[in-house]
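Novice: Provided herewith is a single structure, encoded as structure tokens, for subsequent inquiry.
There are 2 protein chains.
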Amino acid sequence: MPKPASVTKKTAVRGSRSGRPIMALLDLLGRRWTLRIVWELRDTPLTSRALRIACDDASPTIVQARLSELRAAGLVELEPGDGYRLTALGRELEQTFLPLHRFAERWSKQVSG
Amino acid sequence: MPKPASVTKKTAVRGSRSGRPIMALLDLLGRRWTLRIVWELRDTPLTSRALRIACDDASPTIVQARLSELRAAGLVELEPGDGYRLTALGRELEQTFLPLHRFAERWSKQVSG
DNA sequence: TGTCTCGCTACAAATAATGTAGCGTATTGC
DNA sequence: GCAATACGCTACATTATTTGTAGCGAGACA
């Protein structure tokens with residue numbers, strides 16, 4: 001059951017068939033380690049290796065793949081000599097995630113007991 | 114300190130080694146279709162089949178798997194006769210996602226243009 | 001030179017997702 | 001009663017993604 005080319009292409013985001021940016025974004029962020037990577041870059045640039053370690057020693061394959069996607073999406077950039085960091089746009093995104101930290105605390109308390 | 118069983122066991126989330134709820138949450142949400150499912154339930158309950166269709170005809174296997182995870186996480190519940198819907202906690206989470214819609218619009222304009 | 005680290009890639013094995021079919025259980029209409 | 005339908009959910013083979021390990025070429029440092 002083939003999907004349209006725009007969705008089958010490697011770089012494209014699933015769910016973008018609709019042309020609704022939110023779907024493309026949800027898809028991009030819903031890939032393994034993507035949210036985590038944005039999170040780890042939230043307040044400091046990290047080299048690719050430091051990032052891997054920060055992400056529970058995720059494999060370089062997937063970290064590089066996610067970084068490529070995030071760079072293509074204009075959310076992350078590579079500052080030579082400094083490592084990866086969020087772009088201005090990436091920082092905007094990260095801002096929308098700040099309440100998530102607080103929520104996570106509430107959530108873990110409510111789920112565990 | 115170890116997280117509650119529901120977050121440390123096999124069913125639970127990668128990245129929870131640290132015991133930091135945010136990691137567990139980021140991992141849970143960073144699984145394919147999870148964000149999308151929460152999004153689709155944002156303002157109306159949906160039956161499992163309606164949800165599949167809303168999610169670009171995702172396979173029932175994965176939708177059911179994600180729903181199980183989200184139910185175990187206390188974010189989604191099944192109301193018999195009504196379908197799946199966000200719990201109070203799930204609605205709190207969804208609230209933190211609202212700015213995402215607006216961001217997605219900004220993002221798509223900046224990336225494509 | 002040798003030894004670092006950097007960003008990044010290759011590649012086989014393991015794991016997860018996909019697409020299709022169908023189960024058992026209600027609920028409806030006849 | 002009895003199909004027809006929709007529900008939540010599962011089986012399973014195919015395909016895609018992720019993982020883990022190893023290592024490349026380039027640059028900095030000594």
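Sequences listed follow chains E and F, in order. Take the first sequence: its position 42, counted from the start at 1, is 42 in our numbering, and no numbers get skipped. Take the second sequence: its position 61, counted from the start at 1, is 174 in our numbering, and no numbers get skipped. Backbone N, C-alpha and C fix where the C-beta goes; we use that ideal spot for every residue, glycine too.
#1: Pop quiz: R155 (chain F) and E207 (chain F) are said to be a contact at Cβ under 8 Å. What is the actual Cβ separation, rounded to whole angstroms?
#2: So for G143 (chain F), helix, strand or coil by DSSP?
#3: When Cβ atoms are compared, which residues of the segment 84-110 of chain E fall closer than 9 Å to chain F?
#4: Please tell me whether L139 (chain F) has its Cβ less than 7 Å away from any Cβ of chain E.
#5: Return the CA-CA distance between K123 (chain F) and S225 (chain F), expressed in angstroms with no decimal places.
#6: Can you tell me whether R82 (chain E) is buried or exposed? The criterion is at least 16 other CB atoms within 10 Å of its CB, across all chains shown.
#7: Starting from the beta carbon of G143 (chain F), find every residue of chain E whose beta carbon is closer than 9 Å, and list them in chain order.
#8: Kindly list the residues whose CB is nearer than 6 Å to the CB of L148 (chain F), restricted to its own chain and excluding five residues on each side of it in sequence; keep chain order.
#9: Using the Cβ count rule (16 or more neighbours within 10 Å means buried), how would you classify L98 (chain E)?
#10: Within a Cβ cutoff of 8 Å, which residues of the same chain sit near Y84 (chain E), ignoring the five residues on either side of it in sequence?
#11: Tell me which same chain residues have a C-beta within less than 7 Å of the C-beta of G113 (chain F), skipping the five on either side of it?
#12: Is there at least one Cβ from chain E nearer than 7 Å to P173 (chain F)'s Cβ?
#13: G196 (chain F) by DSSP, collapsed to three states: which one?
#14: So, does the CB of I166 (chain F) fall closer than 7 Å to a CB anywhere in chain E?
#15: Suppose the cutoff is 6 Å on Cβ atoms and the five residues either side in sequence are ignored; what does the same chain contact list for I37 (chain E) look like?
#16: Is E218 (chain F) closer than 7 Å to P80 (chain E) when the C-beta atoms are compared?
#17: Given this structure, state the Cα-to-Cα distance separating S108 (chain E) from L100 (chain E), to the nearest angstrom.
#18: Which whole-angstrom value is the C-beta distance of I62 (chain E) and W33 (chain E), which I expect to be below 8 Å?
#19: Beta-carbon within less than 8 Å of C58 (chain F)'s beta-carbon, same chain only, minus the 5 sequence neighbours each way: which residues are those?
Specialist: Based on what the coordinates show:
#1: 5 Å
#2: coil
#3: L89, E92, L93, Q95, T96, F97, L98, P99, L100, H101, R102, F103, A104, E105, R106, W107, S108, K109, Q110
#4: yes
#5: Note that K123 (chain F) scores a pLDDT of 35, beneath 50, so its modelled location is shaky; the value from the coordinates is reported in the next line. Spanning the two alpha carbons is a distance of roughly 40 Å.
#6: Note that residue 82 (chain E) is Asp in the sequence shown, not Arg. Under this definition D82 (chain E) is an exposed residue.
#7: L29, G30, R31, R32, W33, T34, L35, R36
#8: L142
#9: exposed
#10: L41, P45, L46, T47, S48, L51, L67, V76, E77, L78
#11: The requested residue 113 (chain F) does not occur in the structure, where chain F is confined to residues 114 to 226.
#12: no
#13: strand
#14: no
#15: R66
#16: no
#17: 12 Å
#18: 6 Å
#19: Past the edges of chain F, shown from 114 to 226, lies residue 58 (chain F), and the structure says nothing about it.
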